[in-house]
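Novice: Here the sequence shown is numbered in our numbering, starting from 1 and rising by one per residue.
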Amino acid sequence: MDVHSFEDKLELFGALGGAFLIIMGLVGLASTPWATTESTAAVLIQVLGILVVFALAVAMIGFTYADDASNLLPGNGNTE
1 MDVHSFEDKL ELFGALGGAF LIIMGLVGLA STPWATTEST AAVLIQVLGI LVVFALAVAM
61 IGFTYADDAS NLLPGNGNTE
């Protein structure tokens, strides 16, 4: 059986942290924030927060599995 091994132990924490954020975003979405308040502004803020959590999760997983994460950051000095 071929088991995936992590070169860097922090890679495991990045993947688990991203997965945790995705789960928390799904829990936040499943709690149906639009059904618990009558204020449209409050619902929009809650949904925006859920989308931010998903974006952070995708970014965390992307940075974790990127070969060279410095290429993903703006202003890294590369002028290619």
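Beta carbons are placed, not taken as given, at the ideal position from N, Cα and C, and that holds for glycine.
1. Quick check: the Cα distance between D67 and I61, rounded to an integer number of angstroms?
2. Between the alpha carbons of L21 and T37, how many angstroms are there, rounded?
3. DSSP three-state label for T64, please.
4. DSSP three-state label for E38, please.
Specialist: Reading from the atomic positions:
1. In the sequence shown, the residue the question calls residue 67 occupies position 67. In the sequence shown, the residue the question calls residue 61 occupies position 61. If I take the Cα positions, the gap works out to 12 Å.
2. On the sequence shown, position 21 is the one that residue 21 refers to. On the sequence shown, position 37 is the one that residue 37 refers to. About 24 Å.
3. Position 64 of the sequence shown, counted from the first residue, corresponds to residue 64. Looking at T64 - three-state DSSP - the assignment turns out to be helix.
4. Locating residue 38 in the sequence shown gives position 38, where the first residue counts as 1. It is coil, neither helix nor strand.
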